[in-house]
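Let me begin by presenting the structure, written as structure tokens, before commenting on it.
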Amino acid sequence: MYTIRTDYRDETVIEKSRFICTLKKVASEAEAQDFIKTVKKEFWDATHNCSAYVIDELAQRSSDDGEPSGTAGLPMLEVLRKNDLCGVAAVVTRYFGGVKLGTGGLVRAYNGSVAKAIQGCGLARRILMGTFALTADVAGAGKLLNIIYQQQLFSVAGVEYGQQARILLYMQEEQQEEAERWLTEALNNATQLEQVGSEYVEVPLVWGKE
């Protein structure tokens, strides 16, 4: 999955009409709708404030805000989908300049405004990271850690000492099985990890999607 690197605003003038695209990271539909209301309040005198957002595969919405049906919100939404974005909302504000663009011209203007803004702010890849616990005898924890430090598949997030040592390992969630295989072979003992946490981290992309 991908998202934008940062909130962003870009302006384009097409046939004397101003198109202002504002992008924002959002975590929920409620946050996306609040953002849209905020932009509409900021540009209260605009001719249109068209919007689209993608939270996940199920939560996706768009609005033409008075433009001819299908000429604004949906083209904006398609740009977000085409870039495999999630957690992103877009509002394109239009100040009419006196020249009608026609149906095709409107689609290109709204589609292009969002695409240009995305290119300007850049993308980041969202990676699901997990924290996993490995339990060991306290006496053997030091030796175990020395073995673990010999690999680069995962990192040590911390060690908790009690009746037993609890070593916390940090890695991409999809690498759990590979990590368990490596530990089983390195320790010569069947090893299973207990997942105790997860989070998304964002890795900026230099040239589009990797």
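The sequence shown maps to residues 0 to 209 in numbering that gives the first Met the number 0. Here a beta-carbon is modelled for each residue, glycine too, at the ideal position from N, C-alpha and C. Note that this is a predicted model, so its numbers are computed, not measured.
Inset, instruction - Helix, strand or coil for T102, going by three-state DSSP, please let me know. - result: One-based indexing of the sequence shown puts residue 102 at position 103. Looking at T102 - three-state DSSP - the assignment turns out to be helix.
Legend entry - Nearest-angstrom Cα separation, counted from F34 out to L58: The residue you call residue 58 lines up with position 59 of the sequence shown. The residue you call residue 34 lines up with position 35 of the sequence shown. Just to set this straight, residue 58 is Ala in the shown sequence, not Leu. So the two alpha carbons sit approximately 15 Å from each other.
Legend entry - CB of Y1 within 9 Å of CB of A123, strictly: Walking along the sequence shown from the start, residue 1 turns up at place 2. Walking along the sequence shown from the start, residue 123 turns up at place 124. Yes.
Legend entry - Cα-Cα separation between G157 and R107, rounded to whole angstroms: On the sequence shown, residue 157 is found 158 positions in, with the first residue counted as 1. On the sequence shown, residue 107 is found 108 positions in, with the first residue counted as 1. So the alpha carbons of these two residues sit roughly 52 Å apart.
Legend entry - T130 classed as buried or exposed, judged by whether at least 16 other C-beta atoms fall within 10 angstroms: Here residue 130 corresponds to residue number 131 of the sequence shown, with the count starting at 1. Buried, since its Cβ has 16 or more Cβ neighbours within 10 Å.
Legend entry - Given 8 Å, three or more beta-carbon pairs between the region 66-75 and the region 109-127: yes
Legend entry - G207 in three-state terms, based on DSSP: For the purposes of this step, residue 207 is taken as residue 208 along the sequence shown, with counting starting at 1. Residue confidence is low: G207 scores 48 on pLDDT, short of 50, so the model does not pin down where it sits. No coordinate-derived value is stated.
Inset, instruction - Return the CA-CA distance between E10 and T46, expressed in angstroms with no decimal places. - result: Counting from 1 along the sequence shown, the entry for residue 10 is found at position 11. Counting from 1 along the sequence shown, the entry for residue 46 is found at position 47. Computed Cα separation, rounded: 15 Å.
Legend entry - Cβ neighbours of L218 in the same chain (closer than 8 Å, five flanking residues each side left out): Within the shown structure, residues of the chain are numbered from 0 to 209, placing residue 218 beyond reach of any answer.
Legend entry - Identity of the residues DSSP links to T130 by a beta bridge: Stepping through the sequence shown from its first residue, residue 130 is reached at position 131. Partner(s): Y169, G196.
Legend entry - Buried versus exposed call for S16 [16 or more other C-beta atoms within 10 Å across all chains shown]: Mapped onto the sequence shown, residue 16 falls at position 17. Buried: at least 16 other Cβ atoms inside 10 Å.
Inset, instruction - Give the secondary structure of I223 by DSSP, where H, G and I count as helix, E and B as strand, and everything else as coil. - result: Missing from the structure shown is residue 223; the chain here goes from 0 to 209 and no further.
Inset, instruction - Mind checking who T11 pairs with in its DSSP beta bridge? - result: Sequence index remark: in the sequence shown, residue 11 carries index 12 (1-based). Bridge partners of T11: F18.
Inset, instruction - In angstroms with no decimal places, state the Cα-to-Cα distance between E66 and K39. - result: For the purposes of this step, residue 66 is taken as the residue at position 67 of the sequence shown. For the purposes of this step, residue 39 is taken as the residue at position 40 of the sequence shown. Answer to the nearest angstrom: the Cα atoms are 15 Å apart.
Inset, instruction - Could you tell me which residues DSSP puts in a beta bridge with N48? - result: Position 49 of the sequence shown, counted from the first residue, corresponds to residue 48. According to DSSP, N48 bridges with T92.
Inset, instruction - Could you tell me the boundaries of the beta strand (DSSP E) in which V38 lies? - result: Taking the first residue of the sequence shown as 1, we reach residue 38 at position 39. Segment 28-41 is the alpha helix (DSSP H) holding V38; no beta strand (DSSP E) there.
Inset, instruction - Give the straight-line distance between the Cα atoms of G96 and A116, rounded to the nearest whole angstrom. - result: Taking the first residue of the sequence shown as 1, we reach residue 96 at position 97. Taking the first residue of the sequence shown as 1, we reach residue 116 at position 117. Straight-line Cα distance between these residues: approximately 21 Å.
Legend entry - Cα-Cα separation between A213 and G86, rounded to whole angstroms: Residue 213 lies beyond the range of the chain shown here (0 to 209); nothing can be said about it.
Inset, instruction - Report the option in A185, L100, T134 whose CA atom is closest to the CA atom of L168. - result: Translated into the one-based positions of the sequence shown, residue 168 becomes position 169. L168 has its Cα closest to that of T134, out of A185, L100, T134.
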